[in-house]
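Reading through the structure tokens given below for one structure.
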Amino acid sequence: MTQDELKQAVAKAAADYVAANVPAGSVIGVGTGSTANFFIDELAKIKGRISAAVASSEASRKRLTSHGIKVIDLNEVEHMPVYVDGADEITAGLAMIKGGGGALTREKIVAAVAGKFICVCDQSKLVDTLGKFPLPVEVIPMARAHVARELEKLGGKPKLRENFVTDNGNVILDVHGLVITGPAAFETKLNQITGVVTNGLFACRGADLLLLATPDGVRSMGR
Ligand code: 5RP
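For the sequence shown, our numbering gives the first residue as 511, with consecutive numbering after it.
Next comes the structure, spelled out in structure tokens:
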């Protein structure tokens with residue numbers, strides 16, 4: 511199976527999960543990236559089951575809207591049973607690196623409101639230790655050099671993501687060379703650096719369920 515076929519299969523499994531587990535008329539959170547795009551296309555087929563979606567990026571908002579799915583502001587939402595999104599790396603303990611698409615801040619905010627984070631990945635994303643994928647850190651532009659120096663002190667090699675501005679008007683430092691053995695503690699530590707908006711570790715609030723596409727079918731891994 512190609513990687514796209516795996517993403518398609520896991521997207522369908524996530525839509526089936528929503529149809530079977532989410533109360534009719536719910537608002538659901540929708541993530542960003544190529545796997546999330548496949549999910550949006552599957553969600554369109556069952557859109558009568560939900561009242562609206564909250565999007566974690568402008569790109570996802572546009573795709574949802576193009577399918578006739580209503581998109582509402584997170585501030586209008588009191589309860590959201592699930593948030594469905596991909597990841598760049600995930601461990602068996604369901605800690606993740608996210609932000610390859612640069613939407614990490616909105617992703618973390620939408621996930622914080624959701625009852626369950628459903629992560630949808632192909633098997634290439636499952637790792638023993640996080641860090642081979644460069645860790646994205648969203649930074650206020652005037653703090654870029656300061657934050658880069660602090661990240662170097664922590665053993666990373668930060669590189670500015672060229673020609674990229676987040677939906678929030680900030681820049682991203684992609685931090686190479688990390689071996690992250692304690693993701694929740696490291697996530698908290700990075701948040702203490704002045705000028706950091708968000709880092710791409712989702713460990714303090716990791717996924718609740720991983721749907722993992724393999725050539726033998728979609729595996730479910732929970733905590
Ligand atoms: C975007 C993300 C994505 O979830 C992550 O990059 C995975 O993307 P893809 O499904 O395209 O591999 O965090 O900010």
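Note that CB positions come from ideal geometry on N, CA and C, so glycine has one too. Remember, it's a predicted structure, so these values are computed and weren't measured experimentally.
Give me, in chain order, the residues of the same chain whose beta-carbon lies closer than 6 Å to that of residue i; leave out the 5 immediate sequence neighbours on both sides.
| i | result |
| --- | --- |
| Thr545 | Lys517, Gly596, Val630 |
| Leu640 | Glu599, Ile607, Ile690, Pro693 |
| Arg729 | Leu722 |
| Gly669 | A small correction: the amino acid at residue 669 is Lys; Gly does not occupy that position in the sequence shown. If we look at Lys669 and ignore the five residues flanking it on each side, its Cβ neighbours are Asp684. |
| Pro725 | Met511 |
| Ser634 | none |
| Ala653 | Gly705 |
For the beta strand (DSSP E) containing residue i, name the first residue and the last one.
| i | result |
| --- | --- |
| Pro693 | Element bounds for Pro693: not the beta strand (DSSP E) but the alpha helix (DSSP H), 693-701. |
| Lys626 | 624-632 |
| Ala563 | 560-565 |
| Lys669 | 667-670 |
| Glu648 | 645-649 |
| Leu723 | It is worth fixing the name first, because residue 723 is Ala in this sequence and not Leu. Where Ala723 is concerned, the enclosing beta strand (DSSP E) stretches over 719-724. |
| Leu683 | 681-686 |
| Asn709 | 706-709 |
Among the residues of its own chain, which have a CB less than 7 Å from the CB of residue i, if the five just before and after it don't count?
| i | result |
| --- | --- |
| Asp632 | Gln513, Leu516, Lys517, Val520, Ala723 |
| Thr575 | Val581 |
| Val620 | Gly539, Val564, Ser566, Leu584, Tyr593 |
| Ala534 | Arg559 |
Ordered along the chain, which non-local residues of its own chain (more than five positions away) have a Cβ less than 8 Å from that of residue i?
| i | result |
| --- | --- |
| Gly666 | Leu645, Val685, His686, Gly687, Leu688 |
| Val587 | Val537, Val564, Val623 |
| Thr698 | Cys714 |
| Val532 | Ile538, Arg559, Ile560, Pro591, Val592 |
Measure how close the beta-carbons of residue i and residue j come, nearest whole angstrom, since I'm counting them as under 8 Å.
| i | j | result |
| --- | --- | --- |
| Leu553 | Ile579 | 7 Å |
| Asp526 | Lys626 | Actually they are not in contact, since the Cβ atoms of Asp526 and Lys626 sit about 15 Å apart, beyond 8 Å. |
| Arg571 | Asn547 | 12 Å between Cβ atoms; not a contact. |
| Asp551 | Arg616 | Incorrect: roughly 20 Å between the Cβ atoms, too far for contact. |
| Ala569 | Thr601 | Their Cβ separation, rounded to whole angstroms, is 27 Å, which puts Ala569 and Thr601 out of contact at 8 Å. |
| Val675 | Val649 | Going by Cβ atoms, the distance from Val675 to Val649 rounds to 11 Å, so no, they are not a contact pair. |
| Gly727 | Leu604 | About 19 Å; that fails the 8 Å criterion. |
| Val647 | Leu720 | That belief does not hold up - the Cβ atoms of Val647 and Leu720 are roughly 24 Å apart, past 8 Å. |
Going by other Cβ atoms of all chains shown within 10 Å of its Cβ, with 16 needed for buried, is residue i buried or exposed?
| i | result |
| --- | --- |
| Pro651 | exposed |
| Ala658 | buried |
| Gly679 | exposed |
| Ala524 | buried |
| Ala655 | exposed |
| Glu672 | exposed |
| Ala613 | buried |
| Ala609 | One point to set straight first is that residue 609 is Gly, not Ala, in the sequence displayed. Label assigned to Gly609: buried. |
| Gly611 | buried |
For the alpha helix (DSSP H) holding residue i, just list the boundary residues, first then last.
| i | result |
| --- | --- |
| Arg654 | 654-663 |
| Thr545 | 544-555 |
| Asp514 | 513-531 |
| Thr575 | 568-576 |
Is it a yes or a no for the segment 581-593 touching the segment 547-557, going by three-plus beta-carbon pairs under 8 Å? no
Below 8 Å, how does it come out for the segment 709-719 and the segment 650-662: are there three or more Cβ pairs, yes or no? no
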